[in-house]
Amino acid sequence: MQLQQLSRADLKKLLGKSNGEGVNVNRIMLSFMDFDYDPNLITQQLDLQPTGTGVAGQHLPGVEGAPEQVQDFTFWKYEWYVHANDFIGDLLDAFMRDVVLPRLDELQAISVNAETTLSITQYYHDGNNPNFHFTRQTLKVLQSINAAIDMDIYCLAE
């Protein structure tokens with residue numbers, strides 16, 4: 153089966169237009185993967201409600217009649233979705249200040265036995281030119297929790 157590439161207009165429909173024409177969609181996510189204990193323990197340790205969890209071997213819901221799928225790895229994630237034309241770097245600074253720094257000791261302990269990733273994604277429509285700037289302090293903190301960094305920008309400007 154050959155899949156057809158999405159047009160820019162179709163992608164915008166999938167992302168939803170309710171955020172306002174020309175407003176960027178920004179996503180910042182902290183995730184842990186490939187650990188061998190209940191993800192609820194991370195929730196308790198961080199005192200932070202995750203936006204998603206999964207357990208290796210867990211059956212995933214799917215479309216009726218489709219082949220059964222099983223979760224490959226255990227994970228825990230916490231995401232911010234921000235609809236704004238702010239600099240993504242400013243949003244990252246706020247995420248670090250509000251989410252990461254208050255829980256730094258706990259994050260360091262968790263990251264010893266889990267693959268840790270900070271993901272940053274921007275769906276760019278208009279507004280400030282997207283750029284990524286990591287302060288030395290941010291890089292030191294990410295290093296201290298052994299976090300990989302994943303960044304994506306999707307330009308949806310006309």
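The sequence shown begins at 153 in the numbering used here and counts up by one. Ideal Cβ positions, reconstructed from N, Cα and C, are used throughout, including at glycine. The structure displayed is predicted, hence computed values, not measured ones.
Item	Value
May I ask you to verify whether the stretch 178 to 195 touches the stretch 223 to 241, counting CB pairs closer than 8 Å and requiring at least 3?	yes
Which runs of the alpha helix (DSSP H), 4 residues or longer, sit entirely within the stretch 233 to 264?	240 to 247 and 256 to 263
Enumerate, from N- to C-terminal direction, the unbroken alpha helix (DSSP H) stretches of 4 or more residues contained entirely within the stretch 262 to 308.	288 to 296
Where does Asn369 sit, in a helix, a strand or coil, going by DSSP?	Past the edges of the chain, shown from 153 to 310, lies residue 369, and the structure says nothing about it.
Which one of Leu291, Gln274, Glu216 and Arg255 has the shortest CA to CA distance from Leu283?	The sequence given here has Asn at residue 283, not Leu. The shortest Cα separation from Asn283 among Leu291, Gln274, Glu216 and Arg255 belongs to Gln274.
Between Asp224 and Leu212, what straight-line distance do the alpha-carbon atoms span, to the nearest angstrom?	10 Å
Three or more C-beta pairs closer than 8 Å, one from the stretch 256 to 272 and one from the stretch 180 to 194: is that the case here?	yes
What three-state label does DSSP hand Leu182 in the structure shown?	strand
If you run the structure through DSSP and keep just helix, strand and coil, what is Leu200?	coil
My assumption, with CB atoms under 8 Å, is that His285 sits in contact with Ala309. Please give the rounded CB distance.	Not quite, the Cβ-Cβ distance comes to about 21 Å (not below 8 Å), so this is no contact.
Thinking C-beta only, is Leu200 closer than 8 Å to Arg255?	yes
Can you check whether the CB of Ile272 is closer than 8 Å to the CB of Leu294?	no
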